[in-house]
Structure formats: C-alpha cells, structure tokens
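Chains as they are written, first to last, in numbering that gives the first Met the number 0: chain A, 0 to 124; chain B, 0 to 158. Cβ coordinates follow ideal geometry from the N, Cα and C atoms, glycine included. See below for the structure under consideration.
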Amino acid sequence: MGPYNILMVDDSTLVRMVISKTLQLSGHPIAKILEASNGSEALSILASEKIDLVFADINMPIMGGVELVAKMKDDAALKSIPIVMVSTEGSHTRIEQLKSDGILGYLRKPFTPEEIISVLKEILV
Amino acid sequence: MIYEFGAVINSEINTVFERYSFMFAESVDKNTLEPTILAFREVSMTFSGGIGSVGSIKGSAAIIVPDGMGRILASNVLGIPEDDPDISVRADGALSEALNVICGHVLTTTMGKDPIFDLVPPVVVAADRDRWESYRSDKNSLGFIVDDFPVLFIFKIEE
Chain A
0 MGPYNILMVD
10 DSTLVRMVIS
20 KTLQLSGHPI
30 AKILEASNGS
40 EALSILASEK
50 IDLVFADINM
60 PIMGGVELVA
70 KMKDDAALKS
80 IPIVMVSTEG
90 SHTRIEQLKS
100 DGILGYLRKP
110 FTPEEIISVL
120 KEILV
Chain B
0 MIYEFGAVIN
10 SEINTVFERY
20 SFMFAESVDK
30 NTLEPTILAF
40 REVSMTFSGG
50 IGSVGSIKGS
60 AAIIVPDGMG
70 RILASNVLGI
80 PEDDPDISVR
90 ADGALSEALN
100 VICGHVLTTT
110 MGKDPIFDLV
120 PPVVVAADRD
130 RWESYRSDKN
140 SLGFIVDDFP
150 VLFIFKIEE
C-alpha cells in the first residue's frame with residue numbers, strides 16, 4: 000500500500016521536524032509530509048489534499064486538536080482519515096474522550112522514534 | 000488543597016530532559032548556582048482546568064536558562080550539529096517544548112490522570128541577570144544543573 004500523504008498538526012516547528020524526520024526514516028512509503036501549525040490550517044489542507052494519516056497536537060493556538068477531531072468527524076469527506084494525537088497530556092479522561100470521538104492512536108510527548116514507527120505499523124497496513 | 004511539587008518536579012525534569020534531549024538534569028540548591036554569563040532566556044506558560052477531586056485549577060510554569068542552552072537542546076532533539084543554520088532559529092522552540100512537556104508531566108503526576116488541563120503555548124523572552132535573581136528569590140523556584148547549564152524552574156498553582 001501507499002505511498003502515503005501524512006499531515007502533521009503542531010504549533011511547535013521542532014516537533015513537526017522531529018516527526019517528519021522519523022517518518023522519512025521509517026521505511027514506510029511516504030509521498031508527501033504536509034504541516035500545519037493549528038487545526039484551522041489543517042482543515043484548509045485537508046480540503047485540498049488527499050491525506051492518509053493525521054498526527055495532531057491537543058493544545059494549539061487558534062484551533063486545538065480536540066476541535067480539529069470534532070470537525071473532521073463531522074465531515075463526511077474527512078471522518079475516515081486516521082488521526083493520532085501527539086501531546087504532553089496524560090489525562091485518561093481526555094484520551095478516552097478522544098478515542099470515543101474516533102482517534103486511532105495516542106503518543107505522549109516526549110516520544111521516541113520507535114513509538115512513532117510502531118503507530119505507523121498499526122495504522123498504515 | 001496543598002500540593003507537594005518539589006519531588007515530582009525533580010523527577011519529571013530529569014525524565015523529560017533525558018528522554019527529550021539526552022541531557023542529564025540534577026537537582027541542586029538554587030543558591031549554589033552562579034551563572035557566569037549575563038544573558039538568559041525565560042520561558043513561561045499558564046494552564047487551567049481540572050475536574051473531580053482537584054476542582055478547578057489555574058497555574059503557571061516558568062524556566063530561566065542561560066542563553067545558548069536552547070541551541071544545545073535543539074541540536075540534541077533534531078540530531079543535527081550545533082553550527083547548523085537551522086539550530087539558532089529552533090533554539091527557543093526547543094526550550095518552549097521542553098517546558099510544555101515538563102508542565103504536562105508534572106500536572107499529570109501530581110493531579111492524577113482524571114483531570115483535563117488546557118496548556119497555553121509557552122512564550123520565550125530574553126532575560127538578564129536581575130531576572131535570574133528574581134527567579135532565585137521566588138519561594139517556589141527550584142535549582143537544577145542540566146548538563147553544565149544552571150537552570151531555575153518555577154511551578155505555581157493559584158490559590
């Protein structure tokens with residue numbers, strides 16, 4: 000399968016760079032890695048690009064990850080795109096809420112490259 | 000409710016710096032820290048939230064570090080040399096992310112996994128020696144050596 004288009008949504012350029020580097024070295028066939036610094040920018044990209052997987056932070060300015068997930072799940076064209084949340088939060092309450100909203104995975108910062116690759120293996124089959 | 004953050008902060012700062020940037024953090028008496036430089040970076044953020052047993056909470060976290068530490072942090076996180084042109088523009092981002100992650104971990108460890116917190120993205124500004132001393136005199140500040148860098152950290156819950 001693939002190659003895949005992956006969208007990374009995080010207000011930290013550094014985090015986007017780290018994930019991007021890991022994706023490029025993961026061995027998975029990646030066509031494009033697109034970046035957004037908040038949920039609003041992500042929705043603009045999702046409206047114009049075919050995306051196979053979204054990595055999204057929770058706490059971001061303008062539009063955070065929780066609202067982004069809600070908007071994607073409300074949109075027939077976007078609701079089947081797998082979403083992995085990447086955040087510093089360890090709140091089980093929020094993670095369970097997001098899982099019930101439809102996210103497929105959760106990575107807690109600081110994450111290792113192996114953890115990202117493990118998520119890719121589970122989702123991009 | 001009275002929270003005891005000291006031991007948790009020591010542990011989380013050590014864990015986060017090691018896992019995030021392969022840097023070793025050691026808790027020290029803040030009064031023994033004597034930076035030899037005059038320029039610093041100050042990173043601060045606020046948070047709010049909570050439910051259930053902890054009620055509603057607001058607070059802040061802040062860190063002050065010598066100018067230059069952010070470059071080492073960014074270099075380690077990105078795995079690229081310190082003299083790479085990308086490093087200087089990523090230094091503040093690396094410091095912001097470090098504080099963001101430390102704050103999230105301290106909140107989860109002290110408040111448990113039920114409460115939900117919203118963390119406002121950190122802000123980084125230049126600071127001078129006077130600012131360092133104001134951190135040191137804050138009753139909530141804790142001292143660390145991160146690799147060879149003196150660091151002061153403040154974590155506060157509003158009463």
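Asked, Found
"Own chain residues within Cβ distance below 7 Å of residue 57 of chain A, not counting five before or after", "63, 64, 65, 84, 86, 88"
"Buried or exposed (CB count within 10 angstroms, at least 16 for buried), residue 37 of chain A", "buried"
"Minimum Cβ-Cβ distance from residue 99 of chain B to chain A less than 8 Å", "yes"
"Listed by chain order, chain A residues near residue 73 of chain B by CB distance under 7 Å", "13"
"contact_flag[the stretch 75-87 of chain B, the stretch 46-56 of chain A] where n(CB pairs < 8 Å) is 3 or more", "no"
"Neighbouring residues, chain B, relative to residue 88 of chain A (Cβ below 9 Å)", "103, 106, 107, 115, 116, 118"
"Contact set between residue 41 of chain B and chain A, taken where Cβ atoms lie within less than 8 Å", "The contacting residues do not exist; residue 41 of chain B stays about 18 Å from chain A at best."
"Interface partners of residue 85 of chain A on chain B, CB under 9 Å", "Result: empty, since nearest Cβ-Cβ is about 11 Å, beyond 9 Å."
"Chain-ordered chain A contacts of residue 77 of chain B [CB-CB under 9 Å]", "13, 16, 17, 20"
"Chain B residues whose Cβ lies nearer than 8 Å to that of residue 10 of chain A", "120"
"Backbone CA spacing between residue 112 of chain B and residue 135 of chain B [nearest angstrom]", "31 Å"
"Which residues DSSP lists as bridging residue 59 of chain B, in chain order", "B:45, B:155"
"Limits of the alpha helix (DSSP H) - the one that residue 139 of chain B falls within", "Where residue 139 of chain B is concerned, there is no enclosing alpha helix (DSSP H), given that its DSSP letter is neither H nor E."
"Partner residues on chain A for residue 15 of chain B, Cβ-Cβ distance less than 7 Å", "109"
"Beta bridge counterpart(s) of residue 31 of chain A as assigned by DSSP", "A:4"
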